[in-house]
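Protein chains: 2
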Amino acid sequence: MNTTIFSILPTLFLAGAVLAGEAPAPAPNGIGLPEGYRDWRMIGSSHRTDNNTLRVILGNDTAVEAARAGHTRPWPDGTILAKLVWNDAVHPAWEQATVPGVFMQAEFMVKNADRYRETGGWGFARWKGLDEVPYGDDAGFVQECFGCHTPVKDNDYVFTHPAVLP
Amino acid sequence: MNTTIFSILPTLFLAGAVLAGEAPAPAPNGIGLPEGYRDWRMIGSSHRTDNNTLRVILGNDTAVEAARAGHTRPWPDGTILAKLVWNDAVHPAWEQATVPGVFMQAEFMVKNADRYRETGGWGFARWKGLDEVPYGDDAGFVQECFGCHTPVKDNDYVFTHPAVLP
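Protein sequence lines correspond, in order, to chains U and X.
If you read the first sequence in our numbering, its first letter stands for residue 1, the second for the next number, and so on.
If you read the second sequence in our numbering, its first letter stands for residue 167, the second for the next number, and so on.
As structure tokens, then:
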């Protein structure tokens with residue numbers, strides 16, 4: 001009886017993994033979608049009125065510790081910042097409140113001063129939509145990211161200034 | 167020698183606790199500032215243009231699990247929602263982005279359907295500013311909170327709709 005149960009279990013686990021769907025494809029530059037980023041802690045937020053999106057910026061443990069210690073110029077190797085982006089929506093009961101609507105994308109900056117030295121020490125990646133489709137036709141897509149971030153070179157190429165907390 | 171070290175150690179720890187400052191005072195209704203709320207996970211965000219504030223809504227584990235499972239009408243007992251509020255600031259390098267400026271307050275809703283049955287099952291509390299000063303002159307302050315939340319009674323008195331995530 002025990003033998004039967006133990007021989008069935010691996011099959012059940014495999015079936016579960018298949019049913020849950022495969023991991024999203026990596027970005028064209030080889031960066032994989034960071035696991036568990038939904039559970040990371042909050043570093044900041046923003047509301048862009050040029051493209052009508054709300055953003056919440058999360059960070060992995062290395063990022064959060066650096067942010068709270070004020071060690072962000074430069075951020076340490078191992079930092080990963082995640083920017084979650086939603087289209088603007090109007091709150092159904094408070095029309096002067098903009099709230100997250102359709103989920104647009106998750107954007108990541110991965111700090112490794114040596115590996116990514118050609119793009120300011122940062123590896124960039126983005127996954128679009130709820131299907132988490134990697135952005136970019138080839139590895140050259142990072143030039144678009146890096147170009148947009150170059151105006152904040154003096155802030156280690158990062159737009160986010162960690163939100164002040166008690 | 168060992169005796170000397172062990173008799174000094176408790177004094178050093180006590181000095182550290184005093185230097186770190188005491189915990190903020192509880193709210194006038196007895197609710198204490200939830201420990202570790204800065205580390206809670208993200209549930210939503212909003213930008214209010216009637217009072218020019220950016221907000222990020224975090225939740226304790228019970229809240230996050232309920233949000234992800236869609237069990238928010240009602241939220242389960244044990245849920246705590248934290249709304250962190252900053253005044254609007256303009257991003258120094260991207261003027262069409264509103265970002266968190268001065269920290270204003272942390273607001274909490276604590277779910278206990280029985281204990282707080284006179285205010286929709288929710289205990290309310292708020293601490294103002296970086297000094298975390300409890301809001302309200304006496305326990306009656308919750309009527310102000312409850313009054314403002316009554317229009318969203320059909321959403322279990324909660325304004326926040328959890329942001330959609332992949």
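Glycine included, every Cβ here is placed at the ideal spot set by N, Cα and C.
Rounded C-alpha distance that separates residue i from residue j
| i | j | result |
| --- | --- | --- |
| Q271 of chain X | F146 of chain U | 35 angstroms |
| H47 of chain U | T264 of chain X | 5 angstroms |
| Y323 of chain X | G289 of chain X | 11 angstroms |
| I80 of chain U | D303 of chain X | 43 angstroms |
| G59 of chain U | F274 of chain X | 23 angstroms |
| P74 of chain U | A63 of chain U | 11 angstroms |
| Y282 of chain X | H327 of chain X | 22 angstroms |
| L199 of chain X | I209 of chain X | 19 angstroms |
| L9 of chain U | A329 of chain X | Any reading at L9 of chain U needs caution, since the residue's pLDDT is 44, under 50, leaving its predicted position unreliable; the model's value is listed next. Taking the straight line joining both Cα atoms gives about 36 angstroms. |
| K128 of chain U | D216 of chain X | 32 angstroms |
| G287 of chain X | K319 of chain X | 11 angstroms |
| K83 of chain U | T119 of chain U | 18 angstroms |
Interface residues of chain X facing residue i [CB-CB closer than 8 angstroms]
| i | result |
| --- | --- |
| F159 of chain U | H257, A259, W260, A263 |
| A106 of chain U | P332 |
Distance CB(residue i)-CB(residue j) smaller than 8 angstroms
| i | j | result |
| --- | --- | --- |
| I57 of chain U | A125 of chain U | no |
| V85 of chain U | T53 of chain U | yes |
| R204 of chain X | D39 of chain U | no |
| P166 of chain U | L331 of chain X | no |
| V299 of chain X | N195 of chain X | no |
| K111 of chain U | G70 of chain U | no |
| P266 of chain X | S45 of chain U | yes |
| Y301 of chain X | A193 of chain X | yes |
Proximal chain U residues relative to residue i, where beta-carbon distance stays under 7 angstroms
| i | result |
| --- | --- |
| M208 of chain X | M42, V56, L58 |
| V276 of chain X | In chain order: nothing, as chain U lies at least about 18 angstroms away. |
| A329 of chain X | W86, P100 |
Cβ distance (whole Å) where residue i is taken to contact residue j below 8 angstroms
| i | j | result |
| --- | --- | --- |
| F269 of chain X | A93 of chain U | Between A93 of chain U and F269 of chain X the Cβ distance is about 26 angstroms, and since that is not below 8 angstroms, they are no contact. |
| P242 of chain X | A232 of chain X | 5 angstroms |
Proximity test, residue i beta-carbon vs the ligand COA heavy atom, cut-off 7 angstroms
| i | result |
| --- | --- |
| N278 of chain X | What this structure holds is no ligand at all, so the ligand COA is not there to describe. |
Partner residues on chain X for residue i, Cβ-Cβ distance less than 7 angstroms
| i | result |
| --- | --- |
| D114 of chain U | Result: empty, since nearest Cβ-Cβ is about 26 angstroms, beyond 7 angstroms. |
Partner residues on chain U for residue i, Cβ-Cβ distance less than 8 angstroms
| i | result |
| --- | --- |
| P192 of chain X | Result: empty, since nearest Cβ-Cβ is about 15 angstroms, beyond 8 angstroms. |
Chain X contacts from the segment 118-140 of chain U (Cβ-Cβ distance under 8 angstroms): W127, G129, L130, D131, E132
Give me the subset of the segment 215-241 of chain X whose CB atoms are less than 7 angstroms from a CB atom of chain U, sorted by chain position. T215, D216, L220, V222, L224
Beta carbons nearer than 7 angstroms to chain X: which residues of the segment 145-157 of chain U have them? P151, V152
Mind listing which residues of the segment 75-89 of chain U have their C-beta closer than 8 angstroms to chain X's C-betas, in chain order? L84, W86
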